[in-house]
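Residue numbers (our numbering): -3 to 247.
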């Protein structure tokens, strides 16, 4: 299963590299709708964004036939540049995995994390991505769909920026999630000085400024490693963690 997901993830590397050289755009809260089997486009009025925010939801076929059944939820966080291109191939992958019995039937939520939010609340408070996911989207899903509305019914997965976001959100909110799958997470290091950053300093400065206010201390405070150290007692023996890093990954 990991190899298949990583193949899909590699599909985005070219577009992510191109996005990194561009100035930070204003958050685009309503994306175009993706047309894919069993995938639904939705929006909600966000108090944190002060406008409507879009997301996509995949529901398995049994969701329509087993009306009393409740389903676990996977929140899939995209990488830098946005994740629309990945929704169709990822949802097809999940369909195959469910049909082959590799994973149980589940809902898969594709939040709109904007181009470079890092799935954090920005230091200046203008982009409250963590707040939108944790305090708005998850309660909305539990109120709207037949979810298993407890930590045992929720997992997080993400690629690149989304892997970073999945790790930090899961470690920070262990009362909400039971497991996390981290794919090619980046930025990896606490100083934001790894190969990806040194190879593209303009991207590093753009992300550091737009999300973290140019403040390395704020960046470090939001980092999954820092949060994991702070939450060690709450996480140890209670959280399943999968980390997949390719040999050619430079994050």
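Just so it is clear, CB atoms sit at the ideal spot from N, CA and C, and this is done for glycine as well. As the structure is a computational prediction, the values presented were derived from the model and not from experiment.
Query                                                                                                                                                         : Result
By the three-class DSSP mapping on this structure, what secondary structure does residue 62 have?                                                             : coil
Considering only their Cβ atoms, is the gap separating residue 157 from residue 209 smaller than 8 Å?                                                         : no
With a CB to CB cut of under 7 Å and the five nearest residues on each side skipped, what residues in its chain are close to residue 234?                     : 170
Please confirm if the region 116 to 134 is in contact with the region 23 to 43, defined as three or more CB-CB distances below 8 Å between the two stretches. : yes
Put residue 93 into one of helix, strand or coil per three-state DSSP.                                                                                        : helix
If we count the other Cβ atoms within 10 Å of its Cβ and call it buried at 16 or more, is residue 168 buried or exposed?                                      : buried
In angstroms, rounded to a whole number, what distance separates the CA positions of residue 196 and residue 188?                                             : 11 Å
Candidates 63, 118, 71 and 92: which alpha carbon is nearest residue 23's?                                                                                    : 118
Specify, as a first and last residue, the run of the beta strand (DSSP E) that residue 154 falls within.                                                      : 150 to 155
Note down the Cα distance separating residue 108 from residue 78, rounded to an integer number of angstroms.                                                  : 7 Å
Who does residue 71 pair with in a DSSP beta bridge?                                                                                                          : 105 and 152
Report the option in 154, 148 and 50 whose CA atom is closest to the CA atom of residue 86.                                                                   : 154
Less than 8 Å between the C-beta atoms of residue 48 and residue 26, yes or no?                                                                               : yes
Assuming residue 181 contacts residue 223 (C-beta within less than 8 Å), just tell me the rounded distance between them.                                      : With 8 Å as the limit, residue 181 and residue 223 do not qualify as a contact, their Cβ atoms being about 13 Å apart.
What do you get for residue 139, buried or exposed, if any count of 16 or more other CB atoms within 10 angstroms of its CB means buried?                     : exposed
Looking at the structure shown, is residue 120 part of a helix, part of a strand, or coil, going by DSSP?                                                     : coil
So, with DSSP's three-state summary, where would you put residue 127?                                                                                         : helix
Could you tell me if residue 201 is buried or exposed, where buried requires 16 or more neighbouring beta carbons within 10 angstroms of its beta carbon?     : exposed
What are the boundary residues of the beta strand (DSSP E) that residue 239 is part of?                                                                       : 236 to 240
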